[in-house]
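Trainee:
Number of protein chains: 2
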Amino acid sequence: MLLNSMKNRRSVRKYADRSVSDSLLNELFEVAARASNTGNMQLYSVVVTRDKANKEKQAPLHFNQKMATEAPVVLTFCADANRFVKWAANRKAEAGFNNLQTFIAATIDAMLFAQAFCYAAEARGLGICFLGTTAYNADKFIKEFKLPRLVVPVVAVTAGYPAEPLPPHTERLPLAAIVHKEEYADFTPESINALYKDKEELEVNIQYVKENNKETLAQVFTDVRYTKQNNEYFSDVFLQVLKDQGFLQ
Amino acid sequence: MLLNSMKNRRSVRKYADRSVSDSLLNELFEVAARASNTGNMQLYSVVVTRDKANKEKQAPLHFNQKMATEAPVVLTFCADANRFVKWAANRKAEAGFNNLQTFIAATIDAMLFAQAFCYAAEARGLGICFLGTTAYNADKFIKEFKLPRLVVPVVAVTAGYPAEPLPPHTERLPLAAIVHKEEYADFTPESINALYKDKEELEVNIQYVKENNKETLAQVFTDVRYTKQNNEYFSDVFLQVLKDQGFLQ
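Chains R and U, in that order, give the protein sequences.
Positions 46 to 294 (the working numbering) are the ones given, in order, by the first sequence.
Positions 46 to 294 (the working numbering) are the ones given, in order, by the second sequence.
So, in structure tokens, the structure goes:
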């Protein structure tokens, strides 16, 4: 039953005009906090945005994706060593947490908490969508949320009751593209062809190539959606964020 | 119902002598692959370790935590841009994915997939435990699994049917330590005292301080479990891994 609902889930970008109560959010956070985390240090935090003006200020940072303003709630999940380090400082302990490994541990914690929240939310009838734009504009979200040193926003989630009709399912690659036994079986042109065949032959993806005036589906990703230039620009931003927030010397 | 099981979950480090079938694993991977991911690029992969000799080779890399050899299955989840880039190269497309932002996106994808797998596994009666040691020894796991460029192991999960009795629940901080409204409310010595009081007064944590001959619980973390020296050493390892695997120039 649970597996069926997990299997039938899809990201939801359009929401019904119905609010999400604080008591429901708190229940979901309580459940999500049972997620695994590094050494039970809980190196994560979440900023809840409900205020309309705040959502509108954040909209351009999410590339004006509509769900960032239309969802009743936007949750920004952060890798957070600040609370732990402040606790230590108040307990005659000095945490050596201003480094990359702590950032990775905190990112793991933040993602486990975020994903746990999302499954709990879906079990209560909400729909969610992840916003990867958070890490692109981490510097600006830090200012917006007044995040202290050792806190870095990693991902945001929009949440609300889904508008009908539900969006269609998107395709996934066959498991053979993802699962390796004992060691990594690297790909050949032949295995790539076999694994991507169904995806490339989907009508929706054929249309996607046409609309973008490209020759292949891969080119839509590399030339339009995730360009080298953008990736490199936002990588520089993120590297500077890691330095400014104290996770990288 | 689902929320109850998510709320009552705990990490499981001791497993019954009962195998986990390939068909069950595949079912769980199929469900987990429905997790959200960056632009439907699925920038993740997983290496399944069942072979006893392989588990024993990996044991020291997981600091000889017993569950790494005693669990029937160990799953190592990787941030993976290799498959996507190879697909692009075979489709007249050049992916500019050798950068930090792609590593972050791929880490997000890997963590969402890993956590989805774990909830699916728990719904089918399995117990799981995360192994954060994976990122510490990422260089050695790369050799062990023969991971190509643009693949970095992020976290591992041990899985199996739980041995009875189930381990006790571990405590969590109050939500006020985690949830911020509209902007980040930083902590004061007073709020730290209030948020950590229950944790510090737990008998199990008082014992933990005594056993480690420390004065405060925080010192157990900073001086014994997550020392500055170790954090810095493993940060250097990870930085070099990001460079060697092509995610950082």
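Every residue gets a Cβ at the ideal spot worked out from N, C-alpha and C, and that includes glycine.
All values reported here derive from a predicted model rather than from experimental measurement.
Within 10 angstroms of the Cβ of Thr233(R), are there 16 or more other Cβ atoms? Answer buried if so, exposed if not.
Mentor: Exposed.
Trainee: Please classify Tyr271(U): does DSSP put it in a helix, a strand, or coil?
Mentor: Three-state DSSP puts Tyr271(U) in coil, outside helix and strand.
Trainee: Classify Phe108(R): buried if its beta carbon has 16 or more other beta carbons within 10 angstroms, exposed otherwise.
Mentor: Phe108(R) is exposed by the Cβ-count criterion.
Trainee: Can you give me the C-alpha to C-alpha distance between Thr152(R) and Leu106(R), rounded to a whole angstrom?
Mentor: Rounded to whole angstroms, Thr152(R) to Leu106(R) spans 20 Å at the Cα level.
Trainee: Would DSSP call Ser66(R) helix, strand or coil?
Mentor: Reduced to three states, the DSSP call for Ser66(R) is coil.
Trainee: Taking CB distances under 8 Å as the criterion, tell me whether Met86(U) reaches chain R.
Mentor: Chain R contact via Cβ: present.
Trainee: Buried or exposed, going by whether 16 or more other CB atoms sit within 10 Å of the CB of Lys111(R)?
Mentor: Label assigned to Lys111(R): exposed.
Trainee: According to DSSP, Thr203(R) sits in a beta bridge with which residue or residues?
Mentor: Bridge partners of Thr203(R): Val119(R) and Cys174(R).
Trainee: Can you name the residues that DSSP bridges to Ser90(R)?
Mentor: Beta-bridge pairing links Ser90(R) to Cys123(R).
Trainee: Taking only beta-carbon positions, decide if Ser68(U) is within less than 8 Å of chain R.
Mentor: It does not: the Cβ of Ser68(U) has no partner Cβ on chain R nearer than 8 Å.
Trainee: Comparing alpha-carbon positions, which option in Gln285(R), Leu88(R) and Gly291(R) lies nearest Gln146(U)?
Mentor: The residue with the shortest Cα to Cα distance from Gln146(U) is Gln285(R).
Trainee: Where does Tyr60(R) sit, in a helix, a strand or coil, going by DSSP?
Mentor: Of the three classes helix, strand and coil, the one that applies to Tyr60(R) here is strand, per DSSP.
Trainee: For His107(R), which of helix, strand or coil comes out of DSSP?
Mentor: Helix, per DSSP.
Trainee: Please say whether Val197(U) and Gln290(U) have beta carbons closer to each other than 8 Å?
Mentor: Yes, the Cβ-Cβ distance between Gln290(U) and Val197(U) is below 8 Å.
Trainee: Which chain U residues are close to Phe108(R), counting only those with a beta carbon under 9 Å from its beta carbon?
Mentor: Those within 9 Å of Phe108(R) in chain U number zero; the least Cβ separation is about 12 Å.
Trainee: List the endpoints of the continuous beta strand (DSSP E) containing Val224(R).
Mentor: Its beta strand (DSSP E) spans residues Val224 to Lys226.
Trainee: Below 8 Å between beta carbons: does that hold for Lys244(U) and Arg79(R)?
Mentor: Not closer than 8 Å, so no.
Trainee: With a threshold of 8 Å, are at least 3 pairs of Cβ atoms found where one atom belongs to the segment 121 to 133 of chain U and the other to the segment 65 to 84 of chain U?
Mentor: Too few Cβ pairs lie closer than 8 Å, so no.
Trainee: Using a Cβ-Cβ distance cut-off of 8 Å, determine whether Phe186(R) contacts chain U.
Mentor: Taking Cβ atoms only, chain U never reaches closer than 8 Å to Phe186(R), which makes this a no.
Trainee: Using only CA atoms, which one of Tyr206(U), Lys242(U) and Phe186(U) lies nearest to Ala168(U)?
Mentor: Among Tyr206(U), Lys242(U) and Phe186(U), the Cα nearest to that of Ala168(U) is on Tyr206(U).
Trainee: How should Gln252(U) be labelled, buried or exposed, when 16 other C-beta atoms within 10 angstroms of its C-beta is the threshold for buried?
Mentor: Result: exposed.
Trainee: Select from the segment 230 to 258 of chain U all residues with a C-beta closer than 7 Å to any C-beta belonging to chain R, and list them in chain order.
Mentor: Listed by position, the residues of the segment 230 to 258 of chain U near chain R (Cβ gap below 7 Å) are Asp231, Phe232, Pro234, Ile237 and Tyr241.
Trainee: Output the boundary residues of the alpha helix (DSSP H) element that contains Pro234(R).
Mentor: Unbroken alpha helix (DSSP H) run through Pro234(R): Pro234 to Glu246.
Trainee: Terminal residues of the continuous alpha helix (DSSP H) containing Tyr164(U)?
Mentor: From DSSP, the alpha helix (DSSP H) with Tyr164(U) extends over Leu145 to Ala168.
Trainee: If the cut is a Cβ gap below 8 Å, which residues of chain R does Val93(U) touch?
Mentor: Going along chain R in sequence order, the residues near Val93(U) (Cβ under 8 Å) are Val224, His225, Lys226 and Glu227.
Trainee: Does chain R have any CB closer than 8 Å to the CB of Gly170(U)?
Mentor: No, its Cβ sits nowhere closer than 8 Å to a Cβ of chain R.
Trainee: Taking Cβ to Cβ, would you say Val91(R) is nearer than 8 Å to Phe122(R)?
Mentor: The answer is yes: Cβ separation under 8 Å.
Trainee: Taking Tyr206(R) as the query, report the chain U residues whose CB atoms sit under 8 Å from its CB, ordered along the chain.
Mentor: Per Cβ cutoff of 8 Å: no residues; Tyr206(R) is ~17 Å from chain U at best.
Trainee: Determine the closest residue to Gly177(R) out of Phe148(U), Asp231(U), Phe162(U) and Cys163(U), with distance taken between C-alpha atoms.
Mentor: Nearest option by C-alpha distance: Phe148(U).
Trainee: Pull the bridge partners of Pro198(U) from the DSSP assignment, please.
Mentor: Answer by DSSP bridge pairing, in chain order: Cys123(U).
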